[in-house]
Amino acid sequence: GDQVEQSPSALSLHEGTDSALRCNFTTTMRSVQWFRQNSRGSLISLFYLASGTKENGRLKSAFDSKERRYSTLHIRDAQLEDSGTYFCAAEAGGGSGNKLIFGTGTLLSVKP
Amino acid sequence: NAGVIQTPRHKVTGKGQEATLWCEPISGHSAVFWYRQTIVQGLEFLTYFRNQAPIDDSGMPKERFSAQMPNQSHSTLKIQSTQPQDSAVYLCASSLALGAEQFFGPGTRLTVL
Chain A
14 GDQVEQSPSA LSLHEGTDSA LRCNFTTTMR SVQWFRQNSR GSLISLFYLA SGTKENGRLK
74 SAFDSKERRY STLHIRDAQL EDSGTYFCAA EAGGGSGNKL IFGTGTLLSV KP
Chain B
41 NAGVIQTPRH KVTGKGQEAT LWCEPISGHS AVFWYRQTIV QGLEFLTYFR NQAPIDDSGM
101 PKERFSAQMP NQSHSTLKIQ STQPQDSAVY LCASSLALGA EQFFGPGTRL TVL
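From first to last, the protein sequence lines are chains A and B. The C-terminal position of the first sequence is numbered 125 in my numbering, with every residue numbered one higher than the one before it. The C-terminal position of the second sequence is numbered 153 in my numbering, with every residue numbered one higher than the one before it.
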């Protein structure tokens, strides 16, 4: 079935540094969402993209508009409060319907 | 806007008992989704509704699991004869329309002893 491959599975950053997470899709996807799961387990939506890029503060996400088979989440000037688990999720649409297919998550740890 | 509401937040059942989980979607949202999260399987899709009608239940275990949406303000996920392997966090999400951004509730942590 359709798969979402997320990398890296874990990431350790020092405060103030930049990094990126990536999700590859085994098939063309219609849209992608990025989430952060907080300490209580809630999935907080960071971005929803059907194409192009979106930016919110120090976070920026892009969805490959050409082949629609990967997405990235860039973190600029990482802060301690960015620590948590990040998930991408993609919707294939069409015959695969509107369910989200999740990646396996990236555990981000930001250190002083 | 209170967001997606799920009750209870935690539920502990004994093996063989029934568990009913409740979800209230965001007002005005026409699509409701159920997912579950475990350490082993990660986040996986269960089922979804549009305008209260079941659309896709391909992720639901074939036995013991059922979901309903009797009205636009709530959906239920029922697990009969619960088993330890049903232990998971069950998440409900809603979206304004199919294909739109999904917003998640806080989840119900089900523990089957």
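We put the beta carbon where it would ideally sit given N, CA and C, even for glycine.
Top-ranked residue by Cα proximity to B:Gly95, from A:Pro125, A:Ser44, A:Ser109 and A:Ser122: The sequence given here has Ile at residue 95 of chain B, not Gly. For the set A:Pro125, A:Ser44, A:Ser109 and A:Ser122, the Cα lying nearest the Cα of B:Ile95 is the one of A:Ser109.
Opposing strand residues paired with A:Ala103 [DSSP bridges]: A:Val45 and A:Ile114
Under the three-state DSSP convention, the category A:Phe108 falls into: Rather than Phe, the amino acid found at residue 108 of chain A in this sequence is Gly. Residue state, collapsed to three classes: helix.
Counterpart residues of B:Pro94 in DSSP-defined beta bridges: B:Phe89
The beta strand (DSSP E) enclosing A:Ala91, as first and last residue numbers: Per DSSP, A:Ala91 belongs to no beta strand (DSSP E) and is neither H nor E.
Sufficient close CB pairs (3 or more, under 8 Å) joining the stretch 94 to 107 of chain A to the stretch 46 to 55 of chain A: yes
Three CB pairs or more closer than 8 Å across the stretch 100 to 115 of chain B and the stretch 64 to 75 of chain B: yes
Boundaries (first-last residue) of the beta strand (DSSP E) holding B:Arg76: Here the beta strand (DSSP E) through B:Arg76 covers Ala71 to Thr78.
B:Val44: first and last residue of the uninterrupted beta strand (DSSP E) it sits in: Where B:Val44 is concerned, there is no enclosing beta strand (DSSP E), given that its DSSP letter is neither H nor E.
Spatial neighbours of B:Thr60 in its chain, beta-carbon cut-off 6 Å, leaving aside the 5 residues before and after: Thr116 and Lys118
C-beta neighbour in chain A for B:Glu64, strict 7 Å: no
Straight-line Cα distance separating B:Ala42 from B:Phe143: 11 Å
Short Cβ contact (7 Å threshold) for B:Lys4 with B:Leu150: Given that chain B is displayed from residue 41 to residue 153, the structure contains no residue 4 of chain B and the question cannot be resolved.
Contacts of A:Phe115 in chain B (Cβ-Cβ under 7 Å): Gly82 and Leu83
CB contact check: A:Asn37 to chain B, cutoff 7 Å: no
B:Gly139 at chain A interface by Cβ criterion, 7 Å: yes
Contact residues within the stretch 91 to 108 of chain B, judged by C-beta distance below 9 Å to chain A: Ile95, Asp96, Ser98 and Gly99
7 Å CB neighbourhood of A:Thr30 in its chain, flanking five on each side removed: Taken in chain order, the residues that qualify are Ala91.
Residues that B:Ala128 contacts on chain A, provided the C-beta gap is smaller than 7 Å: Ordered by position in chain A, no residue passes the 7 Å Cβ test against B:Ala128, which lies about 11 Å from the chain.
Neighbour flag for B:Pro5 against chain A, beta carbons, 7 Å: Absent from the model: residue 5 of chain B. The displayed extent of chain B is 41 to 153, so no value can be given.
Residue of A:Cys36, A:His27 and A:Leu26 minimising C-alpha distance to A:Gly131: The question about residue 131 of chain A has no answer, for chain A in this structure spans 14 to 125.
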